[in-house]
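**Student:** Under UniProt numbering, read the sequence shown as residues 1 to 270, first letter to last. All C-beta atoms, glycine included, are put in the ideal place defined by N, C-alpha and C. Just so you know, these numbers come straight off a predicted model, no measurement behind them. Let me give you the structure first, and then I'll get to my questions.
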Amino acid sequence: MYQKLLACVESVRKKTDFKPEVGVILGSGLGDYADGITIEAVVDYTDIQGFPVSTVSGHKGRFVFGFVKETPVVIMQGRVHYYEGYAMSDVVLPIRLMGMLGAKKLMLTNAAGGVNENFKPGDFMMITDHITTGVPSPLIGPNIDELGQRFPDMSEVYSRRLCKVIRHAAKKCGIGIREGVYVQFTGPNYETPAEIRMCRGWGGDAVGMSTACEAMAARHMGLEVCGISCITNLAAGVSDVKLDHKEVKETADRVSADFKKLVTEVIVSM
1 MYQKLLACVE SVRKKTDFKP EVGVILGSGL GDYADGITIE AVVDYTDIQG
51 FPVSTVSGHK GRFVFGFVKE TPVVIMQGRV HYYEGYAMSD VVLPIRLMGM
101 LGAKKLMLTN AAGGVNENFK PGDFMMITDH ITTGVPSPLI GPNIDELGQR
151 FPDMSEVYSR RLCKVIRHAA KKCGIGIREG VYVQFTGPNY ETPAEIRMCR
201 GWGGDAVGMS TACEAMAARH MGLEVCGISC ITNLAAGVSD VKLDHKEVKE
251 TADRVSADFK KLVTEVIVSM
């Protein structure tokens, strides 16, 4: 896997020598965010040797290198999900690649289902912790010693410092921010009402199909991590509405302007 990562780095470096400070993964509703930054280079996933390619509709599948105001960033337009059939090591390969390209901080965004009954569609939730019982650890298998130690500490996956940055940024933007625990399952099916009751019993506030495994891989490398979920729907059993991807996309699009504003403020305040 480390040799595969080195090959990916070499492929990117043939296109650009840009060194980012912050890595960003764009979730639903933020797909065109990178189009509005000062772009220095664009690298399609298909041009990177051995790189997994997202099959999800609407995901552009490319890295965008550039500046959010004065901050040098690398932005993923389209993430890779475990439910697409990739090994977990391939799902987190993009995270590791961004770290090897120079990123020291990582901002994760996603669309999530609300488990907390006080949440409503359109809310933003800062991720304070996560539960990954429903997915394999990305660190299973031989440890990549060049990236991190065998048994990394996960007592502070989501940086307390960056959580303070998010709170301040939300207040400055006049945007309400919830806080809570994100639970990752495999997907692509939505969870059952019984599974959501289980999540609530565990202390989960939102549920989704990505993000937590990426955060784990980033912490293994020593990156400083933060995350924000857009609550696009209420999870199964929380309301009588049947779940479908159309509702997720409609909600994400409705609040995308505020989400972009918040993401920008967080990035420049890191």
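1) Report yes if the C-beta distance between Gly176 and Ala169 is below 9 Å; otherwise report no.
2) Report the residue ranges of all beta strand (DSSP E) runs contained in full by the segment 71-132; include only those spanning at least 3 residues, in chain order.
3) Roughly how many angstroms lie between the CA atoms of Pro152 and Gly222, to the nearest whole one?
4) I'd like to know if the segment 240-248 and the segment 195-203 are in contact, where contact means that at least 3 CB-CB pairs between them fall below 8 Å.
5) Tell me which residues share the same chain as Tyr190 and place their Cβ nearer than 8 Å to its Cβ, disregarding the 5 neighbours each side in the sequence.
6) Tell me which same chain residues have a C-beta within less than 8 Å of the C-beta of Thr46, skipping the five on either side of it?
7) Helix or strand or just coil, what does DSSP make of Gln184?
8) Given Gly134, which residues of its chain have a CB within under 8 Å of its CB, disregarding the five upstream and five downstream residues?
9) Would you mind sorting Gln77 into buried or exposed? The rule is 16 or more other CB atoms within 10 Å of its CB.
10) Buried or exposed: which applies to Pro142, given that a residue is buried once 16 or more other Cβ atoms fall within 10 Å of its Cβ?
11) Rounded to whole angstroms, what is the Cα-Cα separation between Gln149 and Ser155?
12) Where do the N-terminal and C-terminal ends of the beta strand (DSSP E) with Asp44 fall, by residue?
13) Here's the rule: buried if 16 or more other CB atoms are within 10 angstroms of the residue's CB, otherwise exposed. What is Thr38?
14) Measuring only the C-alpha atoms, how far is Gly180 from Cys213?
15) Would you kindly check if the distance between the Cβ of Ile228 and the Cβ of residue 273 is under 9 Å?
16) What residue does the alpha helix (DSSP H) around Glu224 start on, and which one ends it?
17) Exposed or buried, Ile267, counting other C-beta atoms within 10 Å across all chains shown (16 or more means buried)?
18) Would you mind sorting Asp123 into buried or exposed? The rule is 16 or more other CB atoms within 10 Å of its CB.
19) Any contact between the segment 14-33 and the segment 63-75? By contact I mean 3 or more CB pairs, one from each, below 8 Å.
20) By the three-class DSSP mapping on this structure, what secondary structure does Phe259 have?
21) Ser28 to Leu93, Cα distance in whole Å?
22) Kindly indicate which residue of Gly99, Leu139, Ile166 and Ser137 has the alpha-carbon position closest to the one of Thr128.
23) How would you label Ala218, buried or exposed, when you count the other beta carbons within 10 angstroms and need 16 or more for buried?
24) Using a Cβ distance threshold of 8 Å, determine whether the segment 2-10 contacts the segment 252-262, with at least three qualifying pairs required.
**Tutor:** Answer, in terms of the structure:
1) With a cutoff of 9 Å on beta-carbon distance, Gly176 and Ala169 are scored as not near each other.
2) For secondary structure counted as the beta strand (DSSP E) over 3 or more consecutive residues, the segment 71-132 holds these complete runs in sequence order: 71-77, 105-114 and 124-131.
3) In a straight line, the C-alpha of Pro152 is about 9 Å away from that of Gly222.
4) Counting Cβ pairs under 8 Å, fewer than three are found: no touch.
5) Excluding sequence neighbours, Tyr190 sits near Gly113, Ala235, Ala236 and Leu243.
6) Close CB contacts of Thr46 within its chain, under the 8 Å cut and outside five residues either way in sequence, are with Val53 and Gly61 (chain order).
7) Note: Gln184 maps to strand in three-state DSSP.
8) So the list reads Val183, Gln184, Phe185 and Thr186, once near-sequence residues are dropped.
9) With a 10 Å radius around the Cβ and a threshold of 16 neighbouring Cβ atoms, Gln77 comes out buried.
10) The residue is exposed, with fewer than 16 neighbouring Cβ atoms inside 10 Å.
11) Computed Cα separation, rounded: 15 Å.
12) Start and end: Thr38 to Asp44.
13) With a 10 Å radius around the Cβ and a threshold of 16 neighbouring Cβ atoms, Thr38 comes out exposed.
14) Taking the straight line from one Cα to the other gives about 17 Å.
15) The structure shown has nothing for residue 273, since the chain only spans 1 to 270.
16) Taken as a continuous stretch (DSSP letters only), Glu224 belongs to no alpha helix (DSSP H), being part of the beta strand (DSSP E) at Glu224 to Leu234.
17) Buried: at least 16 other Cβ atoms inside 10 Å.
18) Per the 10 Å Cβ criterion, buried.
19) Flag = yes, the segment 14-33 and the segment 63-75 touch.
20) Assigned with DSSP and collapsed to three states, Phe259 falls in helix.
21) Cα-Cα distance, rounded: 20 Å.
22) Answer by Cα proximity: Ile166.
23) Classification for Ala218: buried.
24) The segment 2-10 is not in contact with the segment 252-262.
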